[in-house]
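Novice: Supplied in structure tokens, the structure appears directly below.
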Amino acid sequence: MATSLETPKPKARKPKPQLDPDLCKGCLRCIDSCNHHCLVPGHDIDPRTGLIPIELHLEACTACGLCFDACPEPYGLRPERLEEIPTGQPEFERPTDADHLKRPPRPKPVDIPDVLRELPLGATLVLKGNHASAIGALLAGCRHFYGYPITPSTEGAELLAKLLPKLNGIFLQAVSEVATVNLMYGTAGAGLRTMTFTSSPGFSLMLEGVSYMIGAELPAVFVNVMRGGPGLGNIAPEQADIKLACRGLGHGNTHAIVFAPSTPQEMLDLTRQAFELAFQYRNPVVLLADGYLGQMTGRVELPKALVQPGLPKWAVAGDAAHRDNLISSIFLAEADLEAHNRHLDDKYARMAREARAESWQCEDAEVVIVACNTPARMARGAVAELRQRGVKAGLFRPITLWPFPIDALAEALSGASRLVVVEASAGQLEDELRLAASHAGLALPPLAAVRHSGGVLPQQDEIVAGALAALAREVTAPTASKSADPCDCSDPECGCGDEE
Ligand code: SF4
Ligand code: SF4
Numbered sequence: 002m003a004t005s006l007e008t009p010k011p012k013a014r015k016p017k018p019q020l021d022p023d024l025c026k027g028c029l030r031c032i033d034s035c036n037h038h039c040l041v042p043g044h045d046i047d048p049r050t051g052l053i054p055i056e057l058h059l060e061a062c063t064a065c066g067l068c069f070d071a072c073p074e075p076y077g078l079r080p081e082r083l084e085e086i087p088t089g090q091p092e093f094e095r096p097t098d099a100d101h102l103k104r105p106p107r108p109k110p111v112d113i114p115d116v117l118r119e120l121p122l123g124a125t126l127v128l129k130g131n132h133a134s135a136i137g138a139l140l141a142g143c144r145h146f147y148g149y150p151i152t153p154s155t156e157g158a159e160l161l162a163k164l165l166p167k168l169n170g171i172f173l174q175a176v177s178e179v180a181t182v183n184l185m186y187g188t189a190g191a192g193l194r195t196m197t198f199t200s201s202p203g204f205s206l207m208l209e210g211v212s213y214m215i216g217a218e219l220p221a222v223f224v225n226v227m228r229g230g231p232g233l234g235n236i237a238p239e240q241a242d243i244k245l246a247c248r249g250l251g252h253g254n255t256h257a258i259v260f261a262p263s264t265p266q267e268m269l270d271l272t273r274q275a276f277e278l279a280f281q282y283r284n285p286v287v288l289l290a291d292g293y294l295g296q297m298t299g300r301v302e303l304p305k306a307l308v309q310p311g312l313p314k315w316a317v318a319g320d321a322a323h324r325d326n327l328i329s330s331i332f333l334a335e336a337d338l339e340a341h342n343r344h345l346d347d348k349y350a351r352m353a354r355e356a357r358a359e360s361w362q363c364e365d366a367e368v369v370i371v372a373c374n375t376p377a378r379m380a381r382g383a384v385a386e387l388r389q390r391g392v393k394a395g396l397f398r399p400i401t402l403w404p405f406p407i408d409a410l411a412e413a414l415s416g417a418s419r420l421v422v423v424e425a426s427a428g429q430l431e432d433e434l435r436l437a438a439s440h441a442g443l444a445l446p447p448l449a450a451v452r453h454s455g456g457v458l459p460q461q462d463e464i465v466a467g468a469l470a471a472l473a474r475e476v477t478a479p480t481a482s483k484s485a486d487p488c489d490c491s492d493p494e495c496g497c498g499d500e501e
């Protein structure tokens, strides 16, 4: 039985904070949490981090613990280790310096894989292309959208503005396209799925950030619903950014997989796949639609599963396991940057396996029509009409513009004597095709072009006329790679033949 003569046990002390200065990033979030002004901004740069850690003045500290919760760093500001308190001593002993540097072991980051969740079979939907792409992003697990509205892409952002808050997601209308891409950089760095909808001039503004993201190997999806250019241009459909997406993603050694959908169904399917490939290769993926496709309504079947995203081990996820991860595109030593560029080149070479295309009626075609996006729809009608007229025509539709599906094109051209490139731009698709053929050593048959720009789309009847004219045109060897468009060239070194 207890008596009043027993010695009372000393009261357990609550721990005061201790700081590992090299793990404090100087964010100052903890300062306001302390009513006793025990935490103050520091003045000295920590040579190990280049950052300025806070300073502790704990004379008035009541060990309330509020500052621990305010610190986002797993080991920045943390409680003194209670096991350092000698049992039975009412006075608290501060840990020695050596103890202070001891840290708990950190867990190693691991890849947490995506999980596919079955979707109940739903009815076929009728959707605009922009809406289909937004739904594809949601089904791919994207919950972070940033963007600046621009016609003709805005409906995609509008739908996500309605849906993301209901899904615990983030929709943020940024102050500009430059802000957009940098918000995407941060979110992608945390290993989360992020995207934007934009249109040609907006995409141009994002390119510096895209280059940074490629350099830092960050996954994200850019849906660019192309419109007429150059400059402000207009809001009508044009394939104005093929060159930009395939060859000009900011400064430096930059490439990204570029999809070219041509139906609302593909807007959904390729947006989903874009997220998958972005994370597979740790690289942005560009979906190049056009203004007509973004606004076009069509039948869309939902996939059988949606993605519950995992977390890659490289993410800067803000917890102890990911504390050592660093996302950066800065390599100050020349040799380091060259090595990084070689690493990117190896990755780009691996991306070649993602080349995709559709060939339609090309098996016996004497004239192959190449087109993508909305012009591919007119080209398909032209092929059907030519077949009705007894002309063996076929359609080759690149689904990826980078990497260009040159092997599939070679197969489609195996029996063809003429090639017609149909596009809503002043030759950007033809340039990609010619460059890919040149790299692959593929000799092209005589090539004719049906082109419009400024928002005017090639029509079925002029594609038919272009194909018939190409077939009727006499070809004299050796002009196998010469465009039907006159070169107007006076350079005897050019090799086009027009200088004669
Ligand atoms: S434990 Fe409480 S009193 Fe002590 S420094 Fe933190 S917030 Fe201030
Ligand atoms: S909240 Fe943490 S990381 Fe930020 S200044 Fe305070 S101790 Fe440092």
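Quick note on this note's numbering: the sequence shown kicks off at 2 and runs consecutively. Ideal placement from N, C-alpha and C gives every residue a C-beta, glycine not left out. Bear in mind that the values here come from a model prediction, so they are computed numbers and not experimental data.
Which residue's Cα is closest to the Cα of Gly187: Pro406, Glu56, Ala133 and Ile328?
Specialist: The shortest Cα separation from Gly187 among Pro406, Glu56, Ala133 and Ile328 belongs to Ile328.
Novice: Under a three-way DSSP split, which group does Tyr349 fall into?
Specialist: Of the three classes helix, strand and coil, the one that applies to Tyr349 here is helix, per DSSP.
Novice: Taking 8 Å as the threshold (C-beta atoms), are Val222 and Leu294 in contact?
Specialist: Contact: no.
Novice: Apart from the five residues just before and just after Leu161, which ones in its own chain have a Cβ nearer than 7 Å to its Cβ?
Specialist: These residues qualify, in order along the chain: Ala135, Phe146 and Phe172.
Novice: Is Pro18 a contact residue of ligand 1, with contact defined as CB to any heavy atom under 7 Å?
Specialist: Yes, the Cβ of Pro18 comes within 7 Å of a heavy atom of ligand 1.
Novice: Could you say if the region 376-388 and the region 407-414 meet the contact criterion of at least three C-beta pairs nearer than 8 Å?
Specialist: Flag = no, the region 376-388 and the region 407-414 do not touch.
Novice: What are the start and end residues of each continuous alpha helix (DSSP H) run of 4 or more residues lying completely inside the region 383-460, in chain order?
Specialist: Complete alpha helix (DSSP H) runs here, min 4: 407-413 and 429-441.
Novice: Check whether the region 254-266 touches the region 180-198, counting contact only when three or more Cβ pairs, one atom from each stretch, lie closer than 8 Å.
Specialist: Judged by Cβ distances under 8 Å, the region 254-266 makes no contact with the region 180-198, as fewer than three pairs qualify.
Novice: Buried or exposed: where does Ala340 fall if 16 or more other Cβ atoms within 10 Å of its Cβ makes it buried?
Specialist: Ala340 is exposed by the Cβ-count criterion.
Novice: Expressed to the nearest angstrom, what Euclidean distance is found between the alpha-carbon atoms of Pro87 and Lys17?
Specialist: The predicted model places Pro87 with a pLDDT of 49, which falls under 50 and marks its position as unreliable, so this point remains unresolved.
Novice: With a cut-off of 8 Å, do at least 3 Cβ pairs link the region 124-132 to the region 311-328?
Specialist: Output reads no: the region 311-328 does not touch the region 124-132.
Novice: What's the C-alpha gap between Met268 and Val465?
Specialist: About 27 Å.
Novice: Residues in its own chain within less than 7 Å of His58 by CB, not counting five upstream and five downstream?
Specialist: Same-chain partners within the cutoff: Cys39 and Val41.
Novice: Just to confirm, does Cys28 get its C-beta within under 7 Å of one of the non-hydrogen atoms of ligand 2?
Specialist: Yes, ligand 2 has a heavy atom inside 7 Å of this Cβ.
Novice: Do Val421 and Ala468 count as a contact pair if the criterion is CB distance below 8 Å?
Specialist: Going by C-beta atoms, Ala468 is nearer than 8 Å to Val421.
Novice: Mind checking whether the beta-carbon of Ala64 lies closer than 7 Å to any heavy atom of ligand 1?
Specialist: Correct: Ala64 has its Cβ closer than 7 Å to ligand 1.
Novice: Whole-angstrom Cβ separation of Pro446 and Ser418, contact assumed at under 8 Å?
Specialist: Indeed, because the Cβ distance is near 5 Å, the residues count as touching under 8 Å.
Novice: Determine the direct distance from the alpha carbon of Leu396 to that of Trp403, and round the result to whole angstroms.
Specialist: Distance between the alpha carbons of Trp403 and Leu396 is about 19 Å.
Novice: DSSP three-state call for Phe332: helix, strand or coil?
Specialist: In the structure shown, Phe332 sits in coil (DSSP, three-state: anything other than H, G, I, E or B).
Novice: Under DSSP, the beta strand (DSSP E) around Thr188 begins and ends at which residues?
Specialist: Where Thr188 is concerned, there is no enclosing beta strand (DSSP E), although the alpha helix (DSSP H) it sits in stretches over Glu178 to Gly190.
Novice: Does the beta carbon of Cys247 fall short of 7 Å from some heavy atom of ligand 1?
Specialist: The answer is no for Cys247.
Novice: For Phe198 versus Ile400, is the C-beta spacing smaller than 8 Å?
Specialist: Not a contact, by the Cβ cut-off of 8 Å.
Novice: Is it the case that the CB of Gly77 approaches a heavy atom of ligand 2 more closely than 7 Å?
Specialist: Yes; taking the cut-off as 7 Å, the Cβ of Gly77 has a heavy atom of ligand 2 nearer than that.
Novice: Quick one: what does DSSP say Val111 is sitting in, helix, strand or coil?
Specialist: Coil at Val111, not helix or strand.
Novice: What residue range is occupied by the uninterrupted alpha helix (DSSP H) comprising Val211?
Specialist: Val211 -> alpha helix (DSSP H) spans Ser201 to Gly216.
Novice: Could you check if Lys393 is buried or exposed, using at least 16 other CB atoms within 10 Å of its CB as the buried criterion?
Specialist: Buried.
Novice: Tell me, which residues are paired with Leu128 by DSSP?
Specialist: For Leu128, which the question treats as bridged, DSSP gives the partners Gly299.
Novice: Classify Val226 as buried or exposed, calling it buried when 16 or more other Cβ atoms lie within 10 Å of its own Cβ.
Specialist: By the neighbour-count rule (16 or more Cβ atoms within 10 Å), Val226 is buried.
Novice: What I want to know is whether the C-beta of Ile400 ends up closer than 7 Å to one or more non-hydrogen atoms of ligand 2.
Specialist: Not so, every heavy atom of ligand 2 lies at least 7 Å from the Cβ.
Novice: Just checking, does the region 274-281 make contact with the region 104-114 on the three C-beta pairs under 8 Å criterion?
Specialist: No, the region 274-281 does not touch the region 104-114.
Novice: Report back the beta-carbon spacing between Gly455 and Gly229 to the nearest angstrom; my notes put them in contact at under 8 Å.
Specialist: With a Cβ gap of about 5 Å, Gly455 and Gly229 count as contacting.
Novice: Closer than 8 Å is the cut-off here; do at least three beta carbon pairs connect the region 55-70 with the region 19-34?
Specialist: Yes: at least three Cβ pairs fall under 8 Å.
Novice: Are the C-beta of Glu159 and some C-beta of chain B separated by less than 8 Å?
Specialist: Any reference to chain B falls outside this structure, which holds one protein chain only.
Novice: For Val371, collect the residues of the same chain with a Cβ closer than 6 Å to its Cβ; drop the 5 residues on either side in sequence, then sort them by chain order.
Specialist: So the qualifying residues of the chain are Phe397 and Val422.
Novice: Decide if Glu475 is buried, meaning its Cβ has at least 16 other Cβ atoms within 10 Å, or exposed.
Specialist: By the 10 Å Cβ count, Glu475 comes out exposed.
Novice: Quick check: what's the CA-CA separation for Ala286 versus Glu355?
Specialist: Residue identity differs from the one stated: residue 286 is Val in this sequence, not Ala. Cα to Cα, the separation comes out at about 12 Å.
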